[in-house]
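Asks: Please find one structure pasted underneath; my questions will follow.
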Amino acid sequence: MPFEQAQAIVDYVWRTAGLAYPPKIRPLASTARTFQATVTRLWISIPKAGIKSTVLLHEIAHSMTSDAMGEQSHHHGPRFVGVFMGLLCDHIPTFSLDAVAAAAKNEAVDFNFDGPIHN
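Residues in the sequence shown are numbered consecutively from 368, following my numbering.
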């Protein structure tokens, strides 16, 4: 996905989740060589060259499960995984929630569907 389209996707995903004040897309620092993206509740930094849609949804899930100060208390824990699974299945037609949940259970990945933080 091109950098220029990412904000529209973030806004759409945020709105369909019933949330206000989506994070803002900004360019990833050119010195950041080890990350595909970084995120807080207020912003998502991605490469100017663009990002895969699944990676953007991953970062949106991090933003949804972070507080206003940017604390990602859920990192890759059950709440984050559940939010990410829901976003994948809601926004990419090839993903089925039943199949993704079964795969997670098969791999002993904990998840729950408590939803995003609403702040």
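The C-beta atom is built at its ideal place from N, Cα and C for all residues, glycine as well. In this text the structure is predicted, and so the values were computed from the model without any measurement.
Quick one: give me the first and last residue of the alpha helix (DSSP H) that Arg393 is part of.
Replies: On the sequence shown, position 26 is the one that residue 393 refers to. It is not in any alpha helix (DSSP H) - Arg393 instead sits in the beta strand (DSSP E) that spans 391 to 394.
Asks: Does the stretch 447 to 467 come within contact of the stretch 414 to 426, defined as at least 3 CB pairs closer than 8 Å?
Replies: yes
Asks: If we ignore side chains and look at the alpha-carbon of each, how far apart do Ser430 and Asp465 end up?
Replies: If you number the sequence shown from 1, residue 430 lands on position 63. If you number the sequence shown from 1, residue 465 lands on position 98. About 24 Å.
Asks: Ignoring anything shorter than 4 residues or poking outside the stretch 419 to 485, list the alpha helix (DSSP H) runs there in chain order.
Replies: 420 to 431, 445 to 458, 464 to 473
Asks: If we call anything under 7 Å between Cβ atoms a contact, is Val426 one with Val406?
Replies: Against the sequence shown, residue 426 aligns to sequence position 59. Against the sequence shown, residue 406 aligns to sequence position 39. The identity of residue 426 in the sequence shown is Glu, whereas the question assumes Val. Yes, the pair counts as a contact, with Cβ atoms nearer than the cut-off.
Asks: Looking at C-alpha atoms only, which residue of Ala416, Phe402, Ala396, Val377 is the closest neighbour of Pro369?
Replies: Numbered from its first residue, the sequence shown carries residue 369 at position 2. Among Ala416, Phe402, Ala396, Val377, the Cα nearest to that of Pro369 is on Ala416.
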